[in-house]
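Protein chains in written order, with the working numbering: chain H, 639 to 1006; chain F, 639 to 1006; chain G, 639 to 1006; chain R, 639 to 1006.
Protein chains: 4
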Amino acid sequence: MRTSKIGMAVIGAGRVGPNLVRNAMTTSALDLKYLCDRDFSRARKVLGEYSTVVPTADLSQVLADPAVEAVAVATPAATHYTVVMAALEAGKHVLVENPLAASYRTGAELVATAADRGLALMLDHTSCYTPAVTHLRRLVQSGALGDLQFVDSVRSNLGLVQPDIDVLWDLAAHDLSILDSILPLGVYPIAVSAQGSDPIHAGRACVAHLSVQLSNGAMAHAHVNWLSPTEVRTTTLGGSLRAVVWDDLDLSQRLAVYDRGVERSEVDVLDPDTERAARISYRKGDMVAPAVPEGEALRDVMTEFVAAINQRRSPMTDGHAGLRLLAMLEAATESLASNGAFMPVEADLDDPANHSGIAVLVPVGTVR
Amino acid sequence: MRTSKIGMAVIGAGRVGPNLVRNAMTTSALDLKYLCDRDFSRARKVLGEYSTVVPTADLSQVLADPAVEAVAVATPAATHYTVVMAALEAGKHVLVENPLAASYRTGAELVATAADRGLALMLDHTSCYTPAVTHLRRLVQSGALGDLQFVDSVRSNLGLVQPDIDVLWDLAAHDLSILDSILPLGVYPIAVSAQGSDPIHAGRACVAHLSVQLSNGAMAHAHVNWLSPTEVRTTTLGGSLRAVVWDDLDLSQRLAVYDRGVERSEVDVLDPDTERAARISYRKGDMVAPAVPEGEALRDVMTEFVAAINQRRSPMTDGHAGLRLLAMLEAATESLASNGAFMPVEADLDDPANHSGIAVLVPVGTVR
Amino acid sequence: MRTSKIGMAVIGAGRVGPNLVRNAMTTSALDLKYLCDRDFSRARKVLGEYSTVVPTADLSQVLADPAVEAVAVATPAATHYTVVMAALEAGKHVLVENPLAASYRTGAELVATAADRGLALMLDHTSCYTPAVTHLRRLVQSGALGDLQFVDSVRSNLGLVQPDIDVLWDLAAHDLSILDSILPLGVYPIAVSAQGSDPIHAGRACVAHLSVQLSNGAMAHAHVNWLSPTEVRTTTLGGSLRAVVWDDLDLSQRLAVYDRGVERSEVDVLDPDTERAARISYRKGDMVAPAVPEGEALRDVMTEFVAAINQRRSPMTDGHAGLRLLAMLEAATESLASNGAFMPVEADLDDPANHSGIAVLVPVGTVR
Amino acid sequence: MRTSKIGMAVIGAGRVGPNLVRNAMTTSALDLKYLCDRDFSRARKVLGEYSTVVPTADLSQVLADPAVEAVAVATPAATHYTVVMAALEAGKHVLVENPLAASYRTGAELVATAADRGLALMLDHTSCYTPAVTHLRRLVQSGALGDLQFVDSVRSNLGLVQPDIDVLWDLAAHDLSILDSILPLGVYPIAVSAQGSDPIHAGRACVAHLSVQLSNGAMAHAHVNWLSPTEVRTTTLGGSLRAVVWDDLDLSQRLAVYDRGVERSEVDVLDPDTERAARISYRKGDMVAPAVPEGEALRDVMTEFVAAINQRRSPMTDGHAGLRLLAMLEAATESLASNGAFMPVEADLDDPANHSGIAVLVPVGTVR
């Protein structure tokens, strides 16, 4: 394994860029060389007056510099295809903000190009690297929850109405990438329904409800809302053995694992006293709030990016994860246009290699 | 106005019966005479050993007693039509638990019979009489919220899987009756979509999502869930001027009225620094948690029932409110069977008299 | 053991009386005969119009009735000595609201009289019978918490400023009776300090802080406050192995048991990097919220009263528990008058039989 | 007013140093030149690999550099006197972490030296610059709360047991500096009582209760605890007109202003029904959670430091604020050694210029 640092550039100094810069700077295996933005003064301002990192507006110069082996792309979504393709063609490993590209089709081109050239192509699905999601994934995939019965997410905020994408592409993308990352092997999305409304006449859905039909019969639902007076970020996973509530804003208790559940038993007795069916059994046990470490997930994104490059393997959230997400978002957009009808998710999701990011790590080939 | 007490009987000693008994006993204008249940021992047990109220299993005796002027019906839903019709035909005023009847059609017969005979027919939509809903109604109908932008309810619990009805008829019925009771004049439900799942194979939907398209373009959504590890009962109303969150389980702060909102302004400027559209204006002001009195809503149900009888007027949640609820629930059931397609709400909801319980009080005619 | 019911009377129809009536009526081993109050109309009003219990203003008639074997006393505190003594002299078992009497001295007379006559004398320390306190007691006395390091209680509210007692006798009495009921064997109060203030010039302390020095070196503290804008009822118990937070107003999670703690280790190393002493070890593990049943504690008070009578044994919160509480409250009052100086708790608390209500159950002697 | 930047050095790269560095770097009026620490490698590590700031272990070199006009001192408390005095004697403006010095006496020497030389001497009482405390100060000093009735703070955590100071100097120092900063003009601390315990045998108080007698008769109390399983940071201020609860860990609602209170009215009537004194009136109105901006307080500390230097005036938390805090902490230490007896606060607190940091801004004299 190499011991020298990986030369890096961050492209895009907008909303996410400064975070990429900060985390790249504190990742010792990386040597951040450039922050590139079409607007030079914005790049300079992000770096501040005490930095040795070079601000630049010249992307081709960055891509031409052999000292730069990897780039992190945080430009507007519409430019992802062009920037990422240019970087791959220049032989750079790429970490890209979500979404991978504007469409499944163009995204697939990027994945193919990266594979051809043996380059790491990683999606910055930051949420998937939080300690909470790591814990959720372990709970689901270890069988501790039992059979998955439902998933319910709420992500709302008096948020920024985006100029180019609707609330599904902005917010539900997080829920879908998390869902993709924690589903047990063999369970995958089959169809998607989306309903939305635009009560402020912004020109796109500002409030939306997304239902994902899973292959095991369970339903995953996400409510996303730009107009909510309060910030909510919760996900509940119900299982036959346990259920877990993740409240990402409850810093003192982000995860609560309940030894509670409802199950159908064999014998059916109608309780005469309560008029309730006794065919159902209820379990109401203790709740455990596991001690989950705090930590900046973007740090772990950087670490995984470095590891994928050094070990010549696929990162956890690789290009295929990006494609699976695009497939679900495109189905959601179609459904939205069809008054909420369920639309099939057309990606190759029945291929085991595709539907669980960590189950199978596909080597990305030879890195220079 | 009469000054003598109204002789009363409670029919049904199951889940709700004891509450009706207790509240009837503390309503001074009522004189509770009987608690009637097919199972005599259950009626006796509910009354306990210190009560002067008479337990009985003989409904016809109760209905034949001229001292009984009014009955409260809390029998299983499937029997409502028969019991309520018998009571009306015996000339009794009726307070009935939700739902009014098993179908819109049979419910309409009850409404017609009550109207013909000049009898009060009232639905026990208890939630509509809570101080919180009264406050919400005033906020909406006074215009304090501005234009209604969205309604979002969550009602979940490790609840009792009902033997005869699905989670929509059990739980969403509350959200729909509340919605019916607080909508501003001129705004009414147009179509309903429902998606559900039954991951425990109970034979009916245990988790469901209900969307109600409102006539002003806004969407009301309810998530109801019998399998949730935690109990949640929240409703958020978003408006152009204010938004309000009602968390019914937060005893110290049930209502929170936010001076927050998002609105579309006239001029469209794309902020170059943030890449965000500046056509949208955001308001993030204070939150006010109004001092809402605590009180048992069923007490106020009784009081309204007495007032409707004595003043010979329609109660707030009259038979028409019961019909409007049935219309929405029937549309939800149809949608559930159609994979979530929107179904029109077929009731005469464009009749102003029908779509706002308190806007127009229709006299019930001459009471004996 | 007897099988007939125990004839009972409730004396006092004020704040607590109605609860005693309600719970006596639902305790099948009790046969409630009278509700007695100096103000006959108040007793009648509490019973309502449907009760077969007899209201009366004549205490001597009640005490003369041989069908009454036991009384529950809920009259104003100043009258406890007289009413309880009269009941004991009439041969009745007595359940009395806190405090047992106005002073330790007169309380001791009541205890002696009950012992002489072989009658049950029980304090209604309701809090000690809640499922939460029962759980806390088990945690402490089983050693699960390890060595008790501190106890911290807050009991505040925009509460009723009492006309005759200060905030310590009103509110801290609850914390002290709970403390008395959960301390491990061999740990007992040694001295008490109290500081108070009366910023509204009510004539008595409305805000107070109470410190109890325990025999193991730990400190128990209670902050009680009639002027607080919010209601708080929390108790934290810190132990060397675990710590537990009891928030009585958090209905979904009253108890939280933390696998967390701080301990002094043997070797002292000053961490050069953090400038912190490494002689201290920290443990930050999971939190468990045990599934504690909900239930009305006063029900269990009645059950314990019945059991003590029938089994001719001391109840858990017997007269000695009442005396131990009076000893602490009297020391607090003295300290308050001495600007917060610690005052010794003068009761016979080093007698094992006295300082843990449940450790030793002293038979109350022969019941008629 | 000068327009050039102020040359600055941070001294101490321990717990607080990195925050001072980060905030100095983002304050455009400052030009950070050095980070100085006895341990050179620690200084270098804090700066990282991309910084143009110079790490050094040579304090005298820093103080000799004429380009350095101001220093921020974050060395261990025991060294504050020496380092600050050296900086002042070298003609540097000083921002120093709390406490100013190890004793009131040596702190007073520093204040005198700064005054003599016309240099700004500012305490980094960061809490006093948070938007929440700024709001609290305005509420108190504008009269919106009415007469101050009580102050109650809790600051607990499974915190770091400090090697050199007890929990009062570590945690209560924050509460006392906040109290000092928000008290209305004319209200000042008169005496202090402190009780503590050390259940883990750390050699110093780990749990403590501090009472501050205020000149208007009210009591301020702080409970500080290093052994608590949960982190709590709340302060409640009760007033005759309103009360406010500040929960610093409730990010969605840090401040809650209650229109609630208890007041003594003129006429005394004993309510016969409730047995409660009617001489007291209760007000239970709405609660308002003001929209308080979020922001890093240390930024505003830097801004105030710059403004004080440029405008040649006292900063809000000047050396006198540091002395007032030392006076209270020394009284607390004495009380702790006297079993909690109240000790007078001996500072010149009746001088209006001293007891309210913002009321009177004393010019610091001529700056070079």
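Backbone N, C-alpha and C define an ideal beta-carbon position, used for all residues, glycine too.
Euclidean distance between Cα positions of residue i and residue j
i      : j      : result
H:L658 : H:C674 : 12 Å
H:H718 : H:D808 : 15 Å
F:R743 : H:A979 : 29 Å
H:L610 : H:Q787 : No statement about residue 610 of chain H is possible, as the shown extent of chain H runs from 639 to 1006 and does not include it.
H:S765 : H:R793 : 13 Å
G:S903 : G:G824 : 25 Å
H:T868 : R:D804 : 40 Å
H:E727 : R:K683 : 37 Å
F:G686 : F:A969 : 42 Å
H:G650 : H:T713 : 5 Å
H:A716 : H:I644 : 28 Å
R:G834 : R:L974 : 7 Å
R:V830 : R:S866 : 24 Å
G:A681 : G:A929 : 39 Å
R:D747 : G:D897 : Here residue 747 of chain R turns out to be Glu, not Asp, going by the sequence shown. Rounded to the nearest angstrom, the two C-alpha atoms are 47 Å apart.
Exposed unless 16 or more other CB atoms sit within 10 angstroms - verdict on residue i
i      : result
R:H861 : buried
F:A705 : exposed
H:G619 : Here chain H comprises residues numbered 639 to 1006, so residue 619 of chain H is not present and cannot be evaluated.
H:H839 : exposed
R:E707 : buried
G:A647 : buried
R:T874 : buried
G:L670 : buried
Any C-beta of chain F under 7 Å from that of residue i
i      : result
R:A929 : yes
G:S689 : yes
H:Q833 : yes
H:Q779 : no
Contact with chain H by residue i, beta-carbon distance below 7 Å
i      : result
G:G923 : yes
F:H718 : no
Chain-ordered neighbours of residue i on chain F, where CB pairs are closer than 7 Å
i      : result
H:W864 : V900
Neighbour flag for residue i against chain G, beta carbons, 7 Å
i      : result
F:M663 : yes
R:E913 : Note on R:E913: pLDDT 49, under 50, position unreliable in the model; the coordinate value appears next. Interface residue, yes.
R:S849 : yes
F:P656 : no
Proximity test, Cβ basis, 7 Å: residue i and chain R
i      : result
H:S642 : no
G:I803 : no
Amino acids of chain R, ordered along the chain, whose beta-carbon sits closer than 8 Å to that of residue i
i      : result
H:E869 : S890
Cross-chain neighbours of residue i in chain R, by beta carbon under 9 Å
i      : result
F:V926 : D924, M925, V926, A927
Partners in chain H for residue i, counting only beta-carbon separations shorter than 8 Å
i      : result
F:N977 : A979, F980
R:L670 : Y688
F:Y826 : Those do not exist, as F:Y826 stays about 16 Å from chain H at its closest Cβ, beyond 8 Å.
Within chain G, partners of residue i - CB distance below 7 Å
i      : result
R:Y920 : L796
Residue i: contacting residues in chain H (beta-carbon distance under 9 Å)
i      : result
F:P837 : D785, L786, Q787, F788, N854, G855, A856, M857, G876, S878
Please list the segments of the alpha helix (DSSP H) lying wholly inside the segment 764-825 of chain G, counting only runs of 4 or more residues, in order along the chain. 769-779, 811-820
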